[in-house]
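Beneath this line is the structure, given in structure tokens, with notes to follow.
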Amino acid sequence: MKKNKKNQEAVTAASSIAISKQERRELNRREWKKCLKRDWQLYVLLIFPIICVILFKFAAYPGMRMIFMDYKPALGYDRSKWVGFETILKVFKDADFFRALKNSIIFNFLDLLISFPMPIVLALMLNELRFPKYKKVTQTLLYLPHFLSWVIVASISYVFFKPSTGLVNVLLMDWGVISEGIPFLTEKWHWAVTYLLMGVWQGMGWGTIIYLAAITSINGELYEAATVDGANRWQKMWHITLPGIKGTTITLLIMQLGRIMGSNFERLDSFGNVNVKDFQYQLAIYIYEKGLSGGNYSRATVVSLFQSLVGMILVIAADKFAKLIGEDGLI
0 MKKNKKNQEA VTAASSIAIS KQERRELNRR EWKKCLKRDW QLYVLLIFPI
50 ICVILFKFAA YPGMRMIFMD YKPALGYDRS KWVGFETILK VFKDADFFRA
100 LKNSIIFNFL DLLISFPMPI VLALMLNELR FPKYKKVTQT LLYLPHFLSW
150 VIVASISYVF FKPSTGLVNV LLMDWGVISE GIPFLTEKWH WAVTYLLMGV
200 WQGMGWGTII YLAAITSING ELYEAATVDG ANRWQKMWHI TLPGIKGTTI
250 TLLIMQLGRI MGSNFERLDS FGNVNVKDFQ YQLAIYIYEK GLSGGNYSRA
300 TVVSLFQSLV GMILVIAADK FAKLIGEDGL I
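Mapping to numbering that gives the first Met the number 0: the sequence shown position 237 is 236, numbers consecutive.
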């Protein structure tokens, strides 16, 4: 009798779980229909971006088979010669590839080291401003460089940093700081510093948006309790604000690590010249010169795929490490 009762109870519990799951599914279905009916205009607007993602991200995957071919656009995939791993071996035996790879890693690492903390610092500074109008104007001015193309940013750089007529050099010479113009854009070491700092200037304002949003989500009662305990503004920032945005910081850092192998052709080409070729020659330039401009699309695809695979591995490894130290991670 006891066994039968236990079996009946188990059956009843299982059926109640099944019913609750079915009810949950029905509730979710009703909620989804309600959201779709309410916000159908937004879903319609999403159709075009989704089509673009499918076409340019997923539909392009079959084209990656050209890494095993001597691909010629006029012949297409069917008539192009199949060469196996020959193109891949050529790329990894090319000294120019390793020179471009070394420059890309060094400059992207330095870019990450310098550029990544700046939006955090700027967001903390903006958060401490107590005049709303001044804060809004400052934020707007800091966001503007993000909307400028690298061609315009490079043009501004040439106006400011020309050795003889650039504004910075003219002011420094007028003040007696230097006797002759500094070659900010024509000597490779000065160029490297200018290149990195202009990247910081162009992107740090836009990067503060996410951090400011994360700061506003911190519970205000924590600051009130800290004030009661006698904490000053620096202590509040160090013990409340920074821990409050730690999850956002780690997520963005993981995403940035995925770009450590990438390079921006527009940025490099706009700032480039013959005198700085040693540092300017990165993977984006290599892909253009050795691949696209020469019609060697197979080589360009090999290098691009290599960049993507390494970036994916870095993101997954960083995500695993973040979870090991107790953070949420990305995936």
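Idealized CB from N, CA, C, for every residue including glycine.
Alpha-carbon spacing of residue i relative to residue j, whole angstroms
i	j	result
residue 246	residue 198	25 Å
residue 206	residue 213	12 Å
residue 321	residue 310	16 Å
residue 62	residue 105	30 Å
residue 120	residue 252	15 Å
residue 307	residue 179	44 Å
residue 60	residue 163	50 Å
residue 258	residue 51	22 Å
residue 85	residue 92	11 Å
residue 304	residue 128	45 Å
residue 32	residue 131	41 Å
residue 292	residue 28	52 Å
residue 43	residue 107	38 Å
residue 219	residue 233	16 Å
residue 53	residue 101	33 Å
residue 38	residue 45	11 Å
residue 97	residue 70	23 Å
residue 83	residue 64	10 Å
residue 317	residue 242	19 Å
residue 267	residue 238	40 Å
residue 124	residue 109	23 Å
residue 173	residue 41	57 Å
Cβ pair residue i, residue j closer than 7 Å
i	j	result
residue 142	residue 204	yes
residue 396	residue 269	For residue 396 there is no data in the structure shown, the boundaries of the chain being 0 and 330.
residue 122	residue 210	yes
residue 284	residue 195	no
residue 282	residue 103	yes
residue 118	residue 200	no
residue 235	residue 224	no
residue 177	residue 170	no
Beta-carbon proximity list for residue i, same chain, < 6 Å, skipping 5 on both sides
i	result
residue 187	275, 277, 278
residue 167	159, 160
residue 87	301
residue 126	214
residue 183	160, 189, 193
residue 271	279
residue 227	none
Anticipated Cβ contact below 8 Å, residue i with residue j, distance rounded
i	j	result
residue 299	residue 286	5 Å
residue 326	residue 244	Rounded, the Cβ-Cβ distance is 13 Å, inconsistent with contact.
residue 289	residue 77	The Cβ separation is near 25 Å, so there is no contact.
Cβ-based neighbour list, residue i, same chain, cut-off 8 Å, excluding 5 preceding and 5 following
i	result
residue 2	Confidence at residue 2 is low in this model, with a pLDDT of 47, below 50, so its placement is unreliable and no value can be given for it.
residue 264	283, 284, 286, 287
residue 262	103, 106, 107, 281, 282, 283, 284
residue 229	none
Selection from the options that minimises the alpha carbon distance to residue i
i	options	result
residue 81	297, 303, 174	297
residue 139	115, 73, 185, 208	208
residue 295	98, 30, 72	72
residue 79	226, 235, 327, 66	66
residue 217	132, 240, 233, 22	240
residue 260	130, 99, 238	99
residue 89	231, 68, 75	68
residue 202	22, 152, 173	152
residue 185	175, 173, 124, 165	165
Beta-carbon contacts of residue i that lie in its chain and below 7 Å, excluding the five residues immediately before and after
i	result
residue 115	252, 255
residue 12	The predicted model places residue 12 with a pLDDT of 47, which falls under 50 and marks its position as unreliable, so this point remains unresolved.
residue 111	255, 259
residue 57	none
residue 324	none
residue 49	none
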